[in-house]
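Q: Sharing a structure, written as structure tokens. Questions coming.
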Amino acid sequence: MKNFLLMAGGIVSVLCFLPAALAQATNSVALPPLPPALPDVGPSVLRVLGALALVIGIFLGGVWLFRNWQRLALQRGHQPKLSIIETRALGGRQALYVVGYEQGRFLIASTPAGVSLLSHLPDAAAGEAPAVEKAPPTFALSLAQMLKGK
């Protein structure tokens, strides 16, 4: 009998509190929570465009440094010892090169079969300057001389 009374008391208490719990849940109107306010668009766009300009600037600066690294290294003080003084194409894939290394000069031939040394040329300091042929006067030079003579 005790068990029966305990069970009956439990059922009664559940039935008493159930309508109150259901009434609160059904009588109150649950509004969805409001989303947070969005930030102002103007400063956000400016910040994004500024960051984009910074990234593009860094990229272009890196490309410029990569392409001009040799030129910057040469300007620091030491001149290159090896240089191509003159090149003459012979047609197809054949060419002649006058290459200078320090004070020495060499005549080199380049063909599809390879590169070969043809001869040692006189040193740049010891060799005489090649004779420069006088070119015929151009129209502009002739006109300038005539205007001076007036």
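Sequential numbering from 1491 applies to the sequence shown in this note's numbering.
We treat Cβ as the ideally placed atom computed from N, Cα and C, and that holds for glycine.
Look at the Cβ atom of isoleucine 1574, then the Cβ atom of tyrosine 1587, and state whether they are nearer than 8 Å.
A: yes
Q: Rounded to the nearest angstrom, what separates alanine 1599 and leucine 1580 at their Cα positions?
A: Distance between the alpha carbons of alanine 1599 and leucine 1580 is about 10 Å.
Q: Identify whether leucine 1643 lies in helix, strand or coil by the three-state DSSP scheme.
A: Here the chain covers residues 1491 to 1640 and nothing more, so residue 1643 does not appear.
Q: Hey, how far is the Cα of leucine 1528 from the Cα of leucine 1544?
A: 26 Å
Q: Exposed or buried, which one is arginine 1595 when buried takes at least 16 other CB atoms within 10 Å?
A: The residue is buried, with at least 16 neighbouring Cβ atoms inside 10 Å.
Q: Roughly how many angstroms separate the alpha carbons of arginine 1642 and valine 1605, rounded to a whole number?
A: Residue 1642 lies beyond the range of the chain shown here (1491 to 1640); nothing can be said about it.
Q: Return the CA-CA distance between arginine 1561 and isoleucine 1546, expressed in angstroms with no decimal places.
A: 23 Å
Q: Out of Ala1603, Thr1601, Leu1597 and Pro1602, which one is the CA nearest neighbour of leucine 1611?
A: Leu1597
Q: Do you know offhand how far serine 1534's Cα is from asparagine 1558's?
A: So the alpha carbons of these two residues sit roughly 36 Å apart.
Q: What's the C-alpha gap between glycine 1552 and alanine 1630?
A: Whole-angstrom Cα-Cα distance: 45 Å.
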